[in-house]
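To start, the structure under review is shown below, and the notes come after it.
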Amino acid sequence: MATKPDANLNFELFDNERLDDLVRGGLKIIQSPSAFCFSMDAVLLANFASVKKGDRVVDLGTGTGVIPLLISTRNEVKKIIGLEIQPESVERARRSVNGNNLAHLIEIIQGDIREAHSFLGTGRFDLVTANPPYLPVGRGARNRTEPIAIARHELFCNLESTISTAARLVKYGGRVAIVHRPDRLGDIIIQMNNHHLKLRRLQLVYPRPGKKPNIVLLEAQLGGNPELVILEPFFVYNNEGNYTVQFWNTYYPGLPYPSTGGDFVAE
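The opening position of the sequence shown corresponds to residue 76 in the working numbering, with each subsequent residue numbered one higher.
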C-alpha cells in the first residue's frame with residue numbers, strides 16, 4: 076500500500092520503505108532496508124567528481140539514484156542519467172527523482188552496464204561516475220538478499236566491464252570518476268590504461284589517523300596527457316572519535332560543525 080508521508084511532498088512510499096534527507100537543498104531519497112542503501116562511498120564520489128556547468132553525466136549502477144540526486148545540486152549540469160539493472164531499484168529511484176521535481180534533469184534507465192553503449196551511444200558524456208561492486212565472485216560471503224548481493228559482488232558487471240563501458244560512453248577529454256577499495260587500485264589502473272583513460276586525480280580515504288585507507292577515489296581523463304594530482308588524505312574520524320571538519324562539510328554541507336565534533340554516525 077502506498078502512503079504519503081507529508082501532504083506537502085510528492086514522495087510515494089510503499090511497505091518497507093523510508094524517506095531519507097540528503098541534507099542538500101531539501102533533497103530526499105526513498106530507500107528500503109531490504110535492498111542496498113547508499114553508503115558514504117557514494118556521497119564521497121559525488122563530492123569528489125569534477126562537475127562542470129553544462130555537463131552531461133551518466134552514473135553507472137545508480138542503485139537508489141543517490142549520485143544523480145547529489146550531482147544535480149552542482150554547477151548547473153545539463154542532464155544526468157542513472158543506469159541500473161535491478162527493476163525494483165529503478166522504480167524506486169524514479170520515484171525519488173519525481174518526488175524531488177527533478178524529472179526534467181535526471182533520467183533513470185533500466186539496462187545492463189555491459190550493453191550501455193548500444194542504447195546510450197558512444198562519446199556522448201562529459202562525466203561518467205561509478206560506484207561498482209567491490210567484491211569479485213567467490214570473495215567474501217554472498218548476501219542472501221539478492222539486491223544486496225548484486226550491489227556488493229561482481230555478478231552482473233566487474234571492474235573491467237565498468238571501466239570499458241565508461242571509456243566508451245565518455246567524450247574525448249571527458250572524465251571518469253570511480254570509488255573503490257584500495258586493494259583493487261592496481262587492477263583499476265591497469266584497466267584504465269587498457270582503455271586509454273589517463274589517471275588525473277587520486278585521493279585515499281582513511282577511517283581515522285593511524286589506520287589503513289579503506290576507500291580510494293579516482294578520476295581519469297579519456298585521452299590527452301593530464302598531470303596526476305594526488306590529493307591530501309581524507310579522514311572520516313579524528314583521534315577523539317568524532318567526525319573531522321572535512322568529512323562533516325562533505326556529508327552535511329551547510330550544517331554547522333557541532334562543538335562535540337559530531338556525535339552521530341553516518342549511515
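Cβ coordinates follow ideal geometry from the N, Cα and C atoms, glycine included.
From a predicted model like this one, the values you see are computed outputs, not experimental measurements.
Close Cβ partners of residue i (< 7 Å) along its chain, the five nearest in sequence each way excluded
i: R93; result: Q106
i: A226; result: Confidence at A226 is low in this model, with a pLDDT of 48, below 50, so the placement of that residue is unreliable and no value is reported for it.
i: G215; result: Only weak support exists for where G215 lies, its pLDDT of 47 falling under 50; the coordinates are left without a value.
i: E159; result: G136, T137, G138, V165, A168, I183 and Q185
Pick from the options that is closest to residue i, judged by C-alpha positions
i: D258; options: K103, R199 and L279; result: L279
i: G186; options: G285, L260, D134 and R275; result: D134
i: Y281; options: I104, T148, R131 and H255; result: H255
i: A178; options: N206, M267 and P143; result: P143
i: R99; options: P333, K128, P328 and Y332; result: P328
i: N268; options: K246, N300 and L244; result: N300
i: S239; options: A191, G261 and N85; result: A191
i: D116; options: T204, N85 and F200; result: T204
i: G248; options: Q161, K103, L260 and H271; result: H271
i: S109; options: A121, R189 and N91; result: N91
i: I181; options: N206, R189, D130 and D262; result: D130
i: K19; options: A121, K154, G196 and N122; result: Not covered by the structure: residue 19. The range shown for the chain is 76 to 342.
i: S171; options: G101, T197, E235 and A124; result: G101
i: N317; options: I263, K273 and S334; result: S334
i: I265; options: P162, L297 and E235; result: E235
i: G198; options: D95, Q296 and D96; result: Q296
Identified DSSP bridge partners for residue i
i: T204; result: D134 and A252
i: I238; result: DSSP lists no partner for I238.
i: K273; result: Q296
i: V245; result: F200
i: L94; result: I105
i: Y312; result: Y318
i: Q355; result: It is not possible to answer for residue 355, since the shown part of the chain is limited to 76 through 342.
i: L279; result: V291
Neighbourhood of residue i by C-beta distance below 6 Å, restricted to the same chain and skipping five residues each side
i: S164; result: G138
i: Y332; result: V320 and W323
i: L277; result: L293 and I305
i: F113; result: T139 and V141
i: N173; result: none
Residues of its chain near residue i, where Cβ-Cβ distance is below 8 Å and the 5 sequence neighbours each way are ignored
i: Q321; result: F309 and F310
i: L119; result: V254, V280, I290, L292, F309 and T325
i: V126; result: V132, I146, R149, N150, V152 and L202
i: A77; result: With a pLDDT of only 47 at A77, under the threshold of 50, the placement of this residue in the model should not be trusted, and no figure is reported.
i: K287; result: P257 and Y281
i: P284; result: F310, N313 and N314
i: N176; result: N85
i: N122; result: L145 and T325
i: R275; result: R250, E294, A295, Q296, P301, E302, L303 and V304
Expected contact under 8 Å - CB spacing of residue i and residue j to nearest Å
i: V251; j: E294; result: 7 Å
i: G136; j: C232; result: 7 Å
i: F200; j: V245; result: 5 Å
Q: Enumerate, from N- to C-terminal direction, the unbroken alpha helix (DSSP H) stretches of 4 or more residues contained entirely within the region 134-201.
A: 141-146, 162-174 and 191-195
Q: Would you list, in sequence order, the uninterrupted beta strand (DSSP E) runs of no fewer than 3 residues that lie entirely inside the region 99-127?
A: 103-106
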